[in-house]
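So for the sequence shown, full-length UniProt numbering puts the first residue at 1; every next one is plus one.
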Amino acid sequence: MTATTKDAEAAIHLNSLPTEPRSKPAPSSPIAGLHFSYAKSPSDVDSNLLILLHGLGDNEKNFFDLGKHLQRTLPQTAVLSLRVPWRVPLLEAESFMWWETFTPLMEKLPNQDPTPFTKSFSELICHLVSPVAESSSDVPGCGWLASSIHLLGFGQGGTAALEGTINWTLDRRKQSRAGAPNLQSIGSVVTISGPLISYPTFTPSIATPVLLYHRFPTAAPNTNS
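Right under this line is the structure:
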């Protein structure tokens with residue numbers, strides 16, 4: 001082996017991949033006011049976690065059924081379907097909104113603030129990615145890698161997924177600058193008809209891949225013909 005080769009090898013710093021348990025414990029319930037339904041991977045090998053966020057006026061139970069159906073085709077995937085405690089006013093059914101969206105008389109609020117949800121969401125993700133407790137004195141976590149967590153949201157739930165991911169990532173950057181371990185980015189976000197309601201600017205860009213489905217605006221009828 002030549003000296004040049006030895007120097008090159010000495011200059012290479014290999015970082016070991018983070019480890020995670022094959023089977024993850026169920027999250028603590030509730031977390032920061034978030035209620036949920038959870039299902040482990042049918043194979044008992046939890047390599048990916050799919051977090052589902054329902055649309056405005058829905059609840060976690062319907063999306064949980066969707067998640068269990070998706071488990072048939074998504075290998076080694078656990079499912080976590082979320083909801084928040086804020087009910088849509090004047091509706092008797094279990095209908096929830098991710099943040100205050102209406103007045104008590106069902107008038108839509110012009111300036112909506114997702115902050116109460118994003119704070120709870122950050123606490124949830126921190127709980128999910130914290131190491132599994134090895135003793136009763138340890139803070140319990142679930143041992144997930146952030147890169148193994150994927151979000152699927154519909155309507156306002158899609159907006160919540162985007163806003164929550166941005167907030168958690170920016171919090172992680174602040175912790176990293178303060179000397180905390182550099183955690184990975186959330187694996188991916190798919191939002192169906194759920195755009196951002198805030199438009200933050202930051203550098204560098206968030207590394208989480210995002211897929212946004214939306215319907216093209218309907219063309220106005222031609223009144224001249």
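Just so it is clear, CB atoms sit at the ideal spot from N, CA and C, and this is done for glycine as well.
Query, Result
"For S130 and residue 239, the rounded distance between their alpha carbons", "This structure cannot settle anything about residue 239, because the visible part of the chain is limited to 1 through 225."
"Beta-carbon proximity list for M1, same chain, < 8 Å, skipping 5 on both sides", "For M1, the predicted structure reports a pLDDT of 49, less than 50, and the residue's modelled location is therefore unreliable. A value from the coordinates is still provided. No residues qualify anywhere along the chain."
"Own chain, CB closer than 6 Å to L212, minus 5 neighbours either side, in chain order", "T191"
"Beta strand (DSSP E) segment containing H35, residue limits", "H35 to A39"
"Contact the stretch 159 to 174 vs the stretch 62 to 80: 3+ CB pairs below 8 Å", "no"
"Cβ-based neighbour list, S147, same chain, cut-off 6 Å, excluding 5 preceding and 5 following", "Q184 and G187"
"Validate contact between the stretch 103 to 117 and the stretch 67 to 78 using beta carbons, cut 8 Å, 3 pairs", "no"
"Contact under 8 Å by Cβ, R22 with D46", "yes"
"Three-way DSSP call (helix, strand, coil) for L162 in this model", "helix"
"DSSP-derived helix/strand/coil call for A146", "helix"
"Cα-Cα separation between W168 and F202, rounded to whole angstroms", "13 Å"
"Cα-Cα separation between S28 and S122, rounded to whole angstroms", "15 Å"
"Assumed close pair L128, T159 - CB separation to whole angstroms, cut-off 8 Å", "Not confirmed; about 21 Å, so no contact."
"N156 and W98 closer than 8 Å at C-beta", "Per the sequence shown, residue 156 should be read as Gln rather than Asn. Closer than 8 Å, so yes."
"Alpha-carbon to alpha-carbon, L124 and L34", "8 Å"
"Short Cβ contact (8 Å threshold) for V79 with L50", "yes"
"Assigned secondary structure, T115 (DSSP; H/G/I helix, E/B strand, else coil)", "helix"
"Proximity of F36 and L82 at Cβ, strictly below 8 Å", "yes"
"Cβ neighbour criterion (16 or more within 10 Å) applied to F216", "exposed"
"The beta strand (DSSP E) enclosing N59, as first and last residue numbers", "Taken as a continuous stretch (DSSP letters only), N59 belongs to no beta strand (DSSP E), as it is neither H nor E."
"C-beta contact flag for F154 and S198 at 8 Å", "no"
"Distance CB(L56)-CB(T118) smaller than 8 Å", "no"
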